[in-house]
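Notes to accompany the following structure.
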Amino acid sequence: MRQTGTRLAAALLGYFILIILLLTLNPFYLALPGEVVFTFQSDLNNLVSNLLLFLPVGFFYRLATKQRGAFLVGGVVSLGIETLQLFIPARTPSVVDVLANTAGAGLGAFLHDFISARIVISRGMIGRLRLETPLMGLIYLLMSLLWVNALAAENAPERRILTLLIGVIGAIVLNELFRHWWEKVDLRVIIYASLTAGAWYFLGTGFALRHRGFTLGIGLGVMVLTAVLTSLPQDSSERRFERATLKKAFPFFFLYLSLLALWEPFRPLTAWHWILGFTDSISETSMQSLVPRIEYLAAFTILGYLLAEWRGRSEIPLRRDLPVLFLNAGVIALVLEFFVGFQVGPGASGIRAAMAILSALFGGTIYHLLRAHIRFLLRG
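Using our numbering, the letters of the sequence shown map in sequence onto residues 575 to 954.
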């Protein structure tokens, strides 16, 4: 895989570990424990969640290093997290969680080996990578966004409007990919595109067990939309079809990002105000609001990826693109915080704006690392 693939996999591994730390160490309020206790209690949902949570860790560890030991890495990271939870009063460290996380990392490594042994990249596939892989990278990032959104919507089903918008964006990208893969679009291609969109959506929303009706309804809608879009005649002659696809996706993405920033969008208005952090109190509500914050940062990661891909045709190196990404993401983040500052609640957040900008820079970096790896494959 060489250095290009290693750097890309390592960046993705670090990103997933960061998300895990944010999920498991919130609310980051530390206190000395009265006693050191690890519980052995758990339930099926918690067990499955912890197993799936560490699956990307094992997968990207194997992809980045080609080394054995994913079990060990998963176990060490999980044990470190559970140990830190001893000092977080709102958390309960669990031996079962460590075992489930360790097994999840091992399963991720096995999944990597299973896929690697069965995928053979032909000359034709490599030739298409120059056009298609950046958009496929976007599909994977959108799947992770669906996953976080599903977690956030578990206790707030009204957030399904955000799920719907993510689904529309995915349908737009997938239908363009399928229409590019096949010169002649027939019923078989339309069915393949629709089924792929359904698989993408339901894999991404796998945690949405509490609201199966919403999940199923939106998923079927995404499949139908993908089928309809795929059946429409091609309306762009541009060889590099990323821009044509992004033009269609951007309006829905910016609507999604705006609603996400202003959620709940119909809160009463007040005088403009701001705070440095996320919230001005440590409470159970801060625990409940963590996942929406992660969704916001994940959305800005995708924003950075989209902005970098939009400029990708100019072949600008990362060191020159980062200042432009910083400026664009900074303007968007600050404009959104400006409007949030008028809503009743904590108000605009300096930390949230800074972390959103950093997330966008990371998303742009992922695009550049992916593009560099594609070039390596094409040279090979």
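All C-beta atoms in this analysis are idealised placements derived from N, C-alpha and C, irrespective of residue type, glycine included.
Keep in mind that this is a model prediction, so the values were computed, not measured.
Exposure label - residue i; buried when at least 16 CB within 10 Å
i, result
"Y714", "exposed"
"G654", "exposed"
"N624", "buried"
"N729", "exposed"
"E858", "Low per-residue confidence applies at E858: pLDDT is 48, beneath 50, and the placement is therefore not dependable, though the value from the model is reported in the following sentence. E858 is exposed by the Cβ-count criterion."
"V909", "exposed"
"P667", "buried"
"W721", "buried"
"P897", "exposed"
"F628", "buried"
"G938", "buried"
"F936", "buried"
"D617", "exposed"
"A928", "exposed"
"R893", "exposed"
"A773", "exposed"
"Q659", "buried"
"D760", "exposed"
"V610", "exposed"
"T657", "exposed"
Rounded C-alpha distance that separates residue i from residue j
i, j, result
"V622", "I890", "43 Å"
"G791", "P839", "23 Å"
"A585", "S933", "12 Å"
"I906", "P920", "20 Å"
"Y775", "L834", "19 Å"
"P731", "R949", "43 Å"
"E883", "Q917", "33 Å"
"T844", "F913", "11 Å"
"R704", "R841", "Since pLDDT at R704 reaches only 45, below the 50 mark, its modelled position is unreliable, and the value read off the structure follows with that caveat. Answer to the nearest angstrom: the Cα atoms are 45 Å apart."
"H942", "G579", "11 Å"
"K640", "G608", "42 Å"
"L944", "L606", "44 Å"
"F645", "T676", "5 Å"
"L604", "I868", "21 Å"
"R786", "Y879", "31 Å"
"P708", "S768", "21 Å"
"G886", "R953", "18 Å"
"A955", "L587", "No information on residue 955 is available, as it lies outside the stretch 575 to 954 that the chain covers here."
"L716", "N619", "24 Å"
"A583", "L595", "18 Å"
"Q577", "Y589", "18 Å"
"S959", "A818", "Here the chain comprises residues numbered 575 to 954, so residue 959 is not present and cannot be evaluated."
"I689", "S652", "25 Å"
Reference residue i, options the options, closest by Cα
i, options, result
"F612", "D671, R636, L618", "D671"
"P637", "Q615, G648, D687", "Just to set this straight, residue 637 is Leu in the shown sequence, not Pro. Comparing Cα-Cα distances from L637 to each of Q615, G648, D687, the minimum goes to D687."
"I764", "L777, A745, G780", "A745"
"L725", "A679, W756, T779", "T779"
"F661", "I868, T598, A903", "T598"
"Y830", "V798, T844, F874, A773", "F874"
"F827", "F614, W848, Y870", "Y870"
"R734", "L627, F900, W837", "W837"
"R753", "M717, I743, S805, V742", "S805"
"F515", "N749, R581, L592", "Lying before the first or after the last residue shown, residue 515 is absent from the chain, which here runs from 575 to 954."
"G904", "I925, R893, R885, L892", "I925"
"V631", "L596, I591, V669, S616", "I591"
"R642", "L587, L595, A683", "A683"
"V865", "A727, A691, L604, A664", "A727"
"G649", "R894, F900, F614, A679", "A679"
"L712", "R953, D895, I940", "I940"
"I876", "F824, N620, A771, S888", "F824"
"L739", "G793, E757, L899, N902", "G793"
"V747", "K822, Y589, V802, L596", "K822"
"K758", "Q808, L820, V802", "Q808"
"L901", "I931, W848, G915, L626", "I931"
"L685", "F633, T770, H947, S923", "F633"
"L799", "E911, I743, G915", "I743"
"L820", "L751, A674, L899", "L751"
Helix, strand or coil at residue i according to DSSP, with G and I counted as helix
i, result
"L843", "strand"
"S888", "helix"
"Q577", "helix"
"W721", "helix"
"I849", "strand"
"S690", "helix"
"Q659", "helix"
"A605", "coil"
"A928", "helix"
"G933", "For the record, residue 933 in the displayed sequence is Ser; it is not Gly. Note: S933 maps to helix in three-state DSSP."
"T598", "helix"
"I743", "helix"
"A664", "coil"
"S923", "strand"
"T859", "In this prediction, T859 has a pLDDT of 46, which is less than 50 and means its spatial position is unreliable; what the coordinates show is noted afterwards. Correct three-state label for T859: helix."
Heavy atom of the ligand MG within 8 Å of residue i beta-carbon
i, result
"A818", "Absence of the ligand MG from the depicted structure is noted, as is the absence of any ligand whatsoever, leaving it without description."
Entirely within the region 749-799 and at least 4 residues each: give me those alpha helix (DSSP H) ranges in chain order.
-> 761-778
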